[in-house]
Amino acid sequence: MPAATFFRRLSAIALGSAMLFAGAQAALAQQSKEDIEKIVREYILKNPEIIEQAILELRKRQEEAENKSRTDAIVQNKKLLTESPRGVVLGNPKGNVTLVEFFDYNCGYCKRALNDVSELLKNDPELKIVLKEFPILSPGSVEAARVAIAVRMQNPAKYWEFHRALLGGRGEANGAVALAAAQKVGLDVERIKKDMMSPEVAATLKESEQLGKALAIGGTPSYVLGDELIPGALPYDRLKLAIAQVRKCGKLDCPN
């Protein structure tokens, strides 16, 4: 047999063997997959509680990922959160802890939190509080926020008095109610009417909106303390404790 023919036949045999082996591997893989699926199915049927455990673990991992993403966003936006000239600063401007509150003038929980914020200001001389208008509940909330920002532009020293009058009032807050509160504390209402439609007011609202989106804030009040977000209202004692913890270790939950 010529050498060339021999090597051609040898190559064909080798190729055929390889294809046969590959086919056997594929069949084995398919069989293994079916066996594994059968084992998993039988195990789940015998231990259905594992599905609940898996869902809980998934939720835990998702929550951890969301918290990390939110913390990263707070760190990236820290200067805008705590030092923006568009935020209203209360308390000690050079305080060693800063509490940022996102609020809506039609938020019932924000109204309840007003006294707690007042107590914090009175009892903690080293606390800086930054207020961020975050009108998400109604068109009236947006109108009221526009008036509030115009108040800050006209007379920052009067803002806290105006804020307490409006947030502490009953009924729905809107533009007319906010203007009445401004007049009550002695502000120039005609000037406010002009200023509330200014580009600066629009820019302030946009800034708060972008921060809220970055931090995934879904409701009011929401607080930023340290590098963490506190969604929802907290009573005075818990806010005071949270501030003390951040002052101690930089976190809401200090290790023992």
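So in numbering that gives the first Met the number 0 the end of the sequence shown lands on 255, straight run, no missing numbers. Quick reminder that beta carbons are idealized off the backbone N, C-alpha and C, glycines included.
Classification of residue i by the beta-carbon crowding that lies within 10 angstroms, buried from 16 upward
i: E63; result: exposed
i: P134; result: buried
i: P92; result: exposed
i: S31; result: exposed
i: L55; result: exposed
Residue i to residue j span [Cα, whole Å]
i: K205; j: L214; result: 14 Å
i: V87; j: E48; result: 51 Å
i: E82; j: Q209; result: 16 Å
i: F20; j: D34; result: With a pLDDT of only 48 at F20, under 50, the local geometry of the prediction cannot be trusted, and the value read off the model is given with reservation. Distance between the alpha carbons of F20 and D34 is about 21 Å.
i: A164; j: E142; result: 16 Å
i: G167; j: I43; result: 56 Å
i: L238; j: R40; result: 49 Å
i: C152; j: R85; result: Residue identity differs from the one stated: residue 152 is Met in this sequence, not Cys. Their backbone Cα atoms lie some 9 Å apart in a straight line.
DSSP beta-bridge partners of residue i
i: T97; result: K127
i: P230; result: S221
i: E132; result: F102
Helix, strand or coil at residue i according to DSSP, with G and I counted as helix
i: L258; result: The shown model of the chain, from 0 to 255, leaves out residue 258, and the question about it has no answer.
i: V184; result: coil
i: C248; result: helix
i: N114; result: helix
i: G107; result: helix
Element boundaries [alpha helix (DSSP H), containing residue i]
i: I49; result: E48 to Q75
i: I148; result: P138 to Q153
i: G211; result: P198 to A213
Bounding residues of the beta strand (DSSP E) (the contiguous stretch that carries residue i)
i: L89; result: V87 to G90
Distance cut-off 7 Å: residue i Cβ against heavy atoms of the ligand FAD
i: R169; result: Ligands in the displayed structure: none, and consequently the ligand FAD is not present.
Closer than 8 Å to chain D by CB, residue i
i: E132; result: Going by chain labels, chain D is absent from the structure shown, which holds only one protein chain.
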